[in-house]
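Going by numbering that gives the first Met the number 0, the sequence shown opens with residue 0, and the numbers climb by one from there.
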Amino acid sequence: MGTGHRIAVALEYDGQNAPTVTAKGVNDVADRIVETAIEYGVPLQRNDGLVGILAKLELGDEIPENLYRAVAEVIAFAYLVRAQM
């Protein structure tokens, strides 16, 4: 994004409905989201372009249909990482 800000977005996916935004933040809040994910063993993936788009959504929003493929790749990555743990 070129802003110099650290951005993090957390998603929840129940396997049936579209993933939803459960947390998002910039700088210190983003750091805390990442720290919490690490603490709970949640896989992380850096994707600057996608996080910039997801950060524009509101908490509780389902991801829009045009992002399904990109988010599906992130979810597949998370499942793969968890399977290797």
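Virtual Cβ for every residue (Gly too), placed ideally from N, Cα, C.
Under a 10 Å Cβ-count criterion, residue 70 is classified as buried, with 16 or more other Cβ atoms of the shown protein chains found around its own Cβ. A check of alpha carbon separations from residue 24 across 4, 43, 78 identifies 4 as the nearest. Straight across, the Cα-Cα distance linking residue 16 with residue 58 is about 16 Å.
Counted as a single uninterrupted DSSP element, the beta strand (DSSP E) harbouring residue 22 occupies residues 19-25. Beyond the five residues adjoining it in sequence on each side, residue 61 comes within less than 6 Å, by CB distance, of 17, 19 in the same chain, given in chain order. According to the DSSP secondary-structure assignment, residue 8 is paired through a beta bridge with 23. Leaving aside the five residues that flank residue 54 on each side, the residues in its chain whose CB is nearer than 8 Å to its CB run, in chain order, 6, 8, 23, 25.
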